[in-house]
Amino acid sequence: MQHISEAFGLVFNPFVLGVILASSLFGLFVGAVPGLTATMATALLVPVTFLMPPIPAIACMVTATAMAIFAGDIPGALLRIPGTPASAAYCDEAYAMTRNGEAEKVLGAGLVFSVIGGLFGTTVLATTAPALAEVALKFSSFEYFWLVMLGLTCAVFISPGRPLKGLVSLMFGLLLACIGFENPAAYPRFTFGSEELMSGLQLTPVMIGMFAVSEVIQFAVTRNVAIPPLKQNIGRIFRGQWTLLRQYPVQVLRGSALGTAIGALPGAGADIAAWISYAISKRFSKTPEKFGRGHVEGVIESGAANNSAMAGAWIPALVFGIPGDSITAIVIGVLYLKGMNPGPTIFIENPQNIYAVFIVFFLANLLMLPLGWVAIKAAKNVLQVPRNILMPVILLFCVVGAFAINNSVFDVGVMLVFGLIAYLMQANEFPIAPTILGLVLGTMLEQNFVTSMIKADGQLAAFFARPLAGALGVVTILVWLSPLFLRFLKRRRLASVPE
Amino acid sequence: MILNGAVVIGDLVFYALAVDTMGFFITSLIFLTALFVAFEVSWRWIAPLAAGTTVLLHFSFYSLLHVPLPWGWLEGIAW
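Residue numbers (this note's numbering), protein chains in the order written: chain V, 1 to 499; chain B, 1 to 79.
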């Protein structure tokens with residue numbers, strides 16, 4: 001109880017509240033402008049939060065991403081251009097509603113159910129994370145090895161598109177994680193005699209490159225996509241939302257729960273949660289034929305899902321140090337910088353910091369209601385922001401941000417190289433999240449593997465000797481084998497069809 | 001349109017190579033001007049936008065966040 005009141009004291013001071021308000025506006029802006037993503041917002045915030053104490057730094061990222069994921073709905077509904085990838089799943093549906101003259105209804109639904117989804121995800125985070133941490137305290141290197149393995153496996157299998165491309169992306173990330181001499185043998189690998197590469201790749205320049213620079217390159221290459229001016233005015237968006245909640249309670253709950261679960265799986269974040277939720281909503285709907293023609297049901301379910309996924313992704317990040325999505329991958333880097341090393345012990349040693357994070361989550365989601373209303377009202381102007389001026393400014397910000405981490409021009413080069421790589425990967429439909437996960441988790445995987453092998457005296461069977469490790473190992477291997485099972489089942493079903 | 005992508009990359013390479021010698025102000029002004037021209041920003045706006053952004057970023061990173069941005073050729077007027 002004393003920790004909770006301490007946590008309130010950490011959050012409710014003028015500086016932190018000011019940071020929350022400023023990052024809310026930043027997040028809403030980034031989310032609403034097409035071509036700027038929530039992940040990009042987080043990457044750009046890293047250099048800004050560099051000199052802040054831990055709580056405002058984290059508050060900054062939590063609020064900005066929550067707002068950005070909601071705000072992505074606005075251009076999706078009004079212009080059929082999703083503001084962030086997380087809104088892409090139901091963008092056509094929302095735009096169809098706008099064309100039917102229901103812009104207020106769909107924007108209001110996006111806002112209200114984003115808030116509900118976010119609050120749901122936060123509640124799950126605040127209740128399960130401390131409980132999971134108790135279990136995680138019993139974990140040894142064997143369990144951690146399998147957990148990381150399972151996380152990386154999920155990243156490949158849940159990535160949109162073909163798992164093979166996800167696997168290539170993951171292997172690339174793991175290869176990058178090998179760079180440097182910070183491995184168990186302390187032998188410099190892939191440094192090519194470069195002193196800067198001795199300590200491995202710096203995460204921040206890589207992230208800024210992959211999530212921000214790549215988007216600027218993307219914009220430069222496809223610049224002819226003009227944003228049409230908005231005609232209509234937006235009226236009262238909250239009217240009728242209560243009726244919608246009463247009409248679709250199951251959908252709201254299902255979207256929120258599924259979103260939280262998908263968010264908690266490593267490698268899958270808000271965008272994938274929205275796609276899966278939209279598909280499920282259509283599948284179980286009483287009126288699937290209405291989907292795609294401007295039906296609010298799918299928007300409600302997946303709108304709740306993407307915001308709850310954002311909170312869900314923090315569960316494995318805080319408890320195990322395994323990021324649930326690209327955003328938390330960046331956040332984990334910041335946590336280490338701030339001395340808030342994620343892992344079960346943080347719940348015992350610094351519980352007030354953890355409670356403060358939960359409070360910030362609740363606050364950010366509640367603040368979304370009034371600020372989101374303002375953002376929708378201001379949409380007409382925000383969407384017209386000249387992107388040909390904005391993009392160069394962002395690029396210079398990226399350069400200075402990458403430089404600021406170590407005051408070295410080398411990092412600017414790293415940022416450029418990874419911006420180009422990420423652009424080429426995206427252009428060829430390779431998912432980026434597995435690379436980032438491989439890079440973030442590669443060291444952890446290797447350390448735990450080597451520690452386990454030393455403990456077990458080289459006996460591989462020891463990885464299955466402890467009950468928890470054994471269970472995690474079996475689950476991981478079952479996921480690896482699942483494509484074989486699926487193919488076998490498909491063939492049998494085809495064979496059983498009478499000729 | 002691929003050309004614009006090349007401008008972005010070339011501009012970044014230029015920045016990384018030049019910033020230590022020429023300093024933050026001069027490099028950033030050239031960097032932004034090149035991009036604004038490539039993205040067809042109206043001529044009247046290029047100079048004020050480039051100057052404004054450079055000064056704002058210098059103020060926030062150098063003065064507020066204490067990042068030692070290089071002065072290069074302008075070492076003499078450093079503050």
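Ideal Cβ placement from N, Cα and C applies to all residues, glycine included.
Which bits of chain V does Ile-2 (chain B) rub up against, with CB to CB less than 8 Å?
Val-221
Given a cut-off of 7 Å on the beta-carbon distance, is the pair Ala-311 (chain V) and Thr-122 (chain V) in contact?
yes
Return the Cβ separation of Ala-274 (chain V) and Ala-89 (chain V) in integer angstroms, given the expectation that the two are a contact with Cβ distance under 8 Å.
4 Å
Determine whether the Cβ of Ala-402 (chain V) lies closer than 7 Å to any Cβ atom of chain B.
no
Counting contacts by CB-CB distance shorter than 7 Å, is Leu-51 (chain V) in contact with chain B?
yes
Whose CA, out of V:Leu-119, V:Leu-174, V:Ala-364 and V:Pro-316, lies closest to the CA of Ala-129 (chain V)?
V:Pro-316
Just verifying my parser: in three-state terms, what is the DSSP assignment at Gly-200 (chain V)?
coil
Val-106 (chain V): buried (16+ other C-beta within 10 angstroms of its C-beta) or exposed?
buried
How long is the line joining the alpha carbons of Leu-132 (chain V) and Pro-434 (chain V), rounded to whole angstroms?
24 Å
Quick one: list the residues of chain V neighbouring Val-55 (chain B), beta-carbon separation under 7 Å, in chain order.
Per Cβ cutoff of 7 Å: no residues; Val-55 (chain B) is ~12 Å from chain V at best.
Local conformation of Gly-180 (chain V) per DSSP, three classes:
strand
Three-state class that DSSP yields for Arg-223 (chain V) in the structure shown
coil
On a Cα-Cα basis, can you pick out the residue from V:Pro-53, V:Leu-111 and V:Val-19 that is closest to Phe-238 (chain V)?
V:Leu-111
Does the stretch 38 to 57 of chain V come into contact with the stretch 205 to 213 of chain V, if we say contact requires no fewer than three beta-carbon pairs (one atom in each stretch) closer than 8 Å?
yes
Leu-258 (chain V): beta carbon under 6 Å from a heavy atom of the ligand MN?
Among the components of this structure there are no ligands whatsoever, and the ligand MN is therefore not found.
Touch test, the stretch 18 to 38 of chain B against the stretch 60 to 72 of chain B, Cβ-Cβ under 8 Å, three pairs minimum
yes
Report yes if the C-beta distance between Phe-139 (chain V) and Arg-466 (chain V) is below 7 Å; otherwise report no.
no
Which bits of chain V does Leu-49 (chain B) rub up against, with CB to CB less than 7 Å?
Ile-389
Measuring only between beta-carbons, confirm whether Gly-5 (chain B) sits less than 7 Å from chain V.
yes
Could you name the residues of chain V that Ser-28 (chain B) contacts, counting a contact when the two beta carbons are closer than 9 Å?
Leu-396, Val-399 and Val-400
Determine the extent of the alpha helix (DSSP H) in which Thr-127 (chain V) is found, giving its start and end residues.
103 to 136
Hey, does Glu-499 (chain V) have any beta-carbon neighbour from chain B nearer than 7 Å?
Any reading at Glu-499 (chain V) must be qualified, since the residue scores a pLDDT of 48, below 50, and its modelled position is unreliable; the value itself is stated next. Output row for Glu-499 (chain V): interface = no.
Counting only Cβ-Cβ distances shorter than 7 Å, please list the residues of the stretch 404 to 415 of chain V near chain B, keeping chain order.
Ala-404, Asn-407, Val-409, Val-412 and Gly-413
Contact defined as beta carbons within less than 8 Å: I believe Thr-65 (chain V) pairs with Ile-327 (chain V). What is the distance between those atoms, to the nearest angstrom?
5 Å
When you compare the stretch 444 to 463 of chain V with the stretch 190 to 199 of chain V, are there three or more beta-carbon pairs, one atom per stretch, that lie closer than 8 Å?
no
CB contact flag (Ala-379 (chain V), Ile-74 (chain V), <7 Å)
yes
DSSP state of Arg-189 (chain V), grouped into three classes?
strand
Beta carbon of Thr-27 (chain B), beta carbon of Ala-34 (chain B): below 7 Å?
no
Using C-beta distances below 6 Å, list every residue in its chain close to Phe-31 (chain B), excluding the 5 sequence neighbours before and after it, in chain order.
Asp-11 and Tyr-15
Quick one: which chain A residues come within Cβ less than 7 Å of Leu-35 (chain B)?
Any reference to chain A falls outside this structure, whose protein chains are V and B.
Return helix, strand or coil for Asp-20 (chain B), following the three-state DSSP convention.
helix
Three or more C-beta pairs under 8 Å: does that hold for the stretch 153 to 162 of chain V against the stretch 337 to 350 of chain V?
no
Between Ile-217 (chain V) and chain B, is there a C-beta pair that is closer than 7 Å?
yes
Enumerate in chain order the residues of its own chain whose CB-to-CB distance from Gly-161 (chain V) is below 7 Å, with the five nearest sequence positions on each side excluded.
Glu-429 and Pro-431
Would you check if the stretch 171 to 178 of chain V and the stretch 442 to 457 of chain V touch, i.e. whether three or more CB-CB distances between them fall below 8 Å?
yes
Best match in V:Pro-53, V:Val-48 and V:Gly-108 for proximity to Phe-61 (chain B) [C-alpha to C-alpha]:
V:Val-48
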